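**Q**
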Amino acid sequence: MKKKELMKIDPPEFTPYLKRIAKKDGPVKSQYWGADKNYKYGKYLRVKEEKGYLVVSVFLAQFVRAGAKHPVYVLYIDKRTNDFITFETDTGKWRKSMLYNLDWPRYMYGSGTYISRRDKKLVCRYLETETGEYKELERYQLRVREQQLTARHKKKTDVWDEVMKQVPGIPKDWERWILKNVISKHYIFYKYKRGGATEGYCTHCGRIVPIKEPKYNGSGICSRCGQEINFKSVDKSKSIWTETEAAYLIQRCRKGIILRLFEVRMVLGKGDFYNPEIWYSEVKRIFYDDQFREDPYYYGDFKNKGTRWIAGESDSRRVGFYYYYSCSPIYGKVYPRTLPDLEKKELMRTGLRQWIQGNTILNPRKYLGAWRKIPVLEQIIKAGLTRLAGELVENPEKLVWKDSTGELAKRLRIDKAKLKRLRKMDGGFHVLCWLQQEKKEDICLPDELIVWFIGNDILPKDLAFIHDRMSYVQIKNYLVRQNNNFSESQ
Ligand SMILES: [Zn+2]
303 MKKKELMKID PPEFTPYLKR IAKKDGPVKS QYWGADKNYK YGKYLRVKEE KGYLVVSVFL
363 AQFVRAGAKH PVYVLYIDKR TNDFITFETD TGKWRKSMLY NLDWPRYMYG SGTYISRRDK
423 KLVCRYLETE TGEYKELERY QLRVREQQLT ARHKKKTDVW DEVMKQVPGI PKDWERWILK
483 NVISKHYIFY KYKRGGATEG YCTHCGRIVP IKEPKYNGSG ICSRCGQEIN FKSVDKSKSI
543 WTETEAAYLI QRCRKGIILR LFEVRMVLGK GDFYNPEIWY SEVKRIFYDD QFREDPYYYG
603 DFKNKGTRWI AGESDSRRVG FYYYYSCSPI YGKVYPRTLP DLEKKELMRT GLRQWIQGNT
663 ILNPRKYLGA WRKIPVLEQI IKAGLTRLAG ELVENPEKLV WKDSTGELAK RLRIDKAKLK
723 RLRKMDGGFH VLCWLQQEKK EDICLPDELI VWFIGNDILP KDLAFIHDRM SYVQIKNYLV
783 RQNNNFSESQ
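Those letters in the sequence shown? Residues 303 to 792, per our numbering, in order.
Here it is, written out as structure tokens:
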């Protein structure tokens, strides 16, 4: 709204007629909590239309009864742009708030508003409303604010929707893969027979398989596919929803790759156990650009306007009026068939594919986060240092020193022979610490000694205070002796 233009319009003035009404309407004791007095009319409105604006002067009973001629507020409405603004004469400031949120004396609660029949008609004509009452001004403002909010939201959601357009479709064998590989709980359903059922339906392999002396809810193994199962009688069992499990799908997209997290369950309808169905719901999408910078989205309720993809992270999700913390598991299986192709390009230098192959359930996002911090992780995994890799994925900060380039042994600050020992011992970070110490001091410690120290939670830095006087073997012997003495004295 152009304030300069508005200032050129003279607001409607208080009339002698209104003054007569106000004079007669003296304050009475208020029935309302918090207010000390009431008028029949707490405020008086005068309205005019000029230069396409509706101009509303608002006078307060208390001031006009004392002889004031000027309005407390002047509201300007511009229906061409669907906007409004209010001038506060006391402070000389422009207020963007709705009438409802402006400052009012307490007697406004419980007092009415005077507006003449002529002015009501003007309001009706201008706003295309029915009565022209004060309430309609308030309602109009509320509607304008809602429209403005929706427009603001749309600006955001349009951008998000554009990002979502690059998400590829689900693979054709997606549900089948989930049933076979992600769902960990399976069943064999059998019909009760005198003398014991001899065959049943396995939800994992989808076949009728021979069984022996099934016990209801008892566990067993499918003789055909080798899956661990529980026996269920067709007649006794109710419908079953398996626990929520996580499944990941990694795909190529316009900017790089997208990592998609799904919550999945198997549903077995009562009486229809031979047709297991897969229920899945996508809860997270993380886009990675060619530098593997994350752009995360989650599926949730946006501003109470329904569920959709929203930029950012969210741990809590809202359903109806209730918030709950999403308990979706984040360690899950990764769909393997998109990986060989991605490995040729996007994933080539990450080691992610090798990490997926070496772990039954995992969190690929955590892996990529750790790898970005310590790129040497790729070499560690490809060298078969499984335990060390696992520890570093969880706590990449452990490798605090600046990453150098070159061969793995050098980057880990050991030599080739020690790297070999590290692999043979399937050592983690603590073994690495001891091997680094060996190299630093140019000594060689037996593997058993290293294992003993680690088993007792002792690292080289813990012994620095005494090591200048005792060798590591002497320290160990001393500690063992101390411990024995301690035990004997108990
Ligand atoms: Zn089976």
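Cβ coordinates follow ideal geometry from the N, Cα and C atoms, glycine included. Because the structure is a prediction, the values reported are computed rather than measured.
#1: Return yes when the C-beta of residue 511 is under 7 Å from any heavy atom of ligand 1, and no when it is not.
#2: If you compare alpha carbons, which of 708, 611, 722, 503 is closest to residue 469?
#3: Should residue 478 be counted as a contact of ligand 1 given a C-beta to heavy atom distance under 7 Å?
#4: Less than 8 Å between the C-beta atoms of residue 571 and residue 541, yes or no?
#5: Within its chain, find whatever has a CB closer than 6 Å to the CB of residue 599; leave out the 5 residues flanking it on each side and keep chain order.
#6: Using the beta-carbon count (16 or more within 10 Å), is residue 506 buried or exposed?
#7: Beta-carbon within less than 8 Å of residue 429's beta-carbon, same chain only, minus the 5 sequence neighbours each way: which residues are those?
#8: From 359, 344, 321, 323, pick the residue whose C-alpha is nearest to that of residue 311; which is it?
#9: So, is residue 351 buried or exposed, given that buried needs 16 or more other C-beta atoms within 10 angstroms?
#10: Measure from the alpha carbon of residue 361 to the alpha carbon of each residue in 522, 346, 368, then state which is nearest.
#11: Please identify the residue among 509, 520, 494, 556 whose C-alpha is closest to the C-alpha of residue 538.
#12: Using a Cβ-Cβ cut-off of 6 Å (strictly less than) and excluding sequence neighbours within five positions of residue 681, which residues of its own chain qualify?
#13: With DSSP as the reference, label residue 700 as helix, strand or coil.
#14: Determine the burial state of residue 685: buried for a count of at least 16 other Cβ atoms within 10 Å of its Cβ, exposed for fewer.
#15: What did DSSP end up calling residue 394 once you bin it into helix, strand or coil?
#16: Closer than 7 Å: is that where the CB of residue 746 sits relative to any heavy atom of ligand 1?
#17: From residue 486 to residue 754, what does the alpha carbon distance come to, in whole angstroms?
#18: Taking 7 Å as the cut-off, is the CB of residue 526 close to at least one heavy atom of ligand 1?
#19: Could you tell me if residue 650 is buried or exposed, where buried requires 16 or more neighbouring beta carbons within 10 angstroms of its beta carbon?
#20: So, with DSSP's three-state summary, where would you put residue 372?
#21: Which same chain residues end up closer than 6 Å to residue 529 when comparing Cβ atoms and leaving out the 5 residues on each side of it in sequence?
#22: Short of 8 Å in beta carbon distance, which residues of its chain neighbour residue 424, apart from the five on each side in sequence? Order them along the chain.
#23: For residue 314 and residue 461, I'd like the C-alpha separation in whole angstroms.
#24: Between which two residues does the alpha helix (DSSP H) harbouring residue 426 extend?
#25: Pull up the distance between the alpha-carbon of residue 691 and that of residue 608, whole angstroms please.
#26: Pull the bridge partners of residue 535 from the DSSP assignment, please.
**A** Taking the structure as given:
#1: Counted from its first residue, the sequence shown places residue 511 at position 209. Yes, the beta carbon of residue 511 sits closer than 7 Å to at least one heavy atom of ligand 1.
#2: Along the sequence shown, read from residue 1 onward, the residue named residue 469 stands at position 167. Among 708, 611, 722, 503, the Cα nearest to that of residue 469 belongs to 611.
#3: Your numbering for residue 478 matches position 176 in the sequence shown. Flag unset: Cβ of residue 478 not near ligand 1.
#4: As a working note, residue 571 is residue 269 in the sequence shown. As a working note, residue 541 is residue 239 in the sequence shown. Yes.
#5: Residue numbering aside, residue 599 sits at position 297 when the sequence shown is read from its first letter. The residues are 587, 611, 613.
#6: Against the sequence shown, residue 506 aligns to sequence position 204. A buried status is given to residue 506, since no fewer than 16 other beta-carbon atoms sit within 10 Å of its beta-carbon.
#7: Reading the sequence shown from its first residue, position 127 is the one you call residue 429. 356, 379, 381, 438, 439, 442.
#8: Residue mapping note: residue 311 aligns to position 9 of the sequence shown, counting from 1. It is 359.
#9: In the sequence shown, the residue the question calls residue 351 occupies position 49. Burial check for residue 351: the Cβ neighbour count within 10 Å stays below 16, so the residue is exposed.
#10: Walking along the sequence shown from the start, residue 361 turns up at place 59. When the alpha-carbon of residue 361 is set against those of 522, 346, 368, the nearest one is in 346.
#11: Taking the first residue of the sequence shown as 1, we reach residue 538 at position 236. Considering only alpha carbons, the answer is 494.
#12: As a working note, residue 681 is residue 379 in the sequence shown. Contacts found: 710.
#13: By one-based count along the sequence shown, residue 700 stands at place 398. Helix, per DSSP.
#14: Locating residue 685 in the sequence shown gives position 383, where the first residue counts as 1. Residue 685 comes out buried.
#15: Counted from its first residue, the sequence shown places residue 394 at position 92. Three-state result, residue 394: coil.
#16: In the sequence shown, the residue the question calls residue 746 occupies position 444. No, Cβ of residue 746 sits at least 7 Å from all heavy atoms of ligand 1.
#17: One-based indexing of the sequence shown puts residue 486 at position 184. One-based indexing of the sequence shown puts residue 754 at position 452. Their backbone Cα atoms lie some 38 Å apart in a straight line.
#18: Position 224 of the sequence shown, counted from the start, is the residue given in the question as residue 526. True, at least one ligand heavy atom lies under 7 Å from that Cβ.
#19: Position 348 of the sequence shown, counted from the start, is the residue given in the question as residue 650. Counting Cβ neighbours within 10 Å, residue 650 comes out exposed, since fewer than 16 surround it.
#20: Position 70 of the sequence shown, counted from the first residue, corresponds to residue 372. Here residue 372 sits in coil by DSSP.
#21: Position 227 of the sequence shown, counting from 1, holds the residue named residue 529. 488, 506, listed in sequence order.
#22: Translated into the one-based positions of the sequence shown, residue 424 becomes position 122. Cβ neighbours of residue 424 beyond the five flanking positions: 349, 350, 351, 356, 434.
#23: Along the sequence shown, read from residue 1 onward, the residue named residue 314 stands at position 12. Along the sequence shown, read from residue 1 onward, the residue named residue 461 stands at position 159. Near 45 Å, if we compare the C-alpha coordinates of residue 461 and residue 314.
#24: On the sequence shown, position 124 is the one that residue 426 refers to. First-last of the alpha helix (DSSP H) with residue 426: 419-429.
#25: Walking along the sequence shown from the start, residue 691 turns up at place 389. Walking along the sequence shown from the start, residue 608 turns up at place 306. Near 42 Å, if we compare the C-alpha coordinates of residue 608 and residue 691.
#26: The residue labelled residue 535 in the question sits at position 233 within the sequence shown. Answer by DSSP bridge pairing, in chain order: 492.
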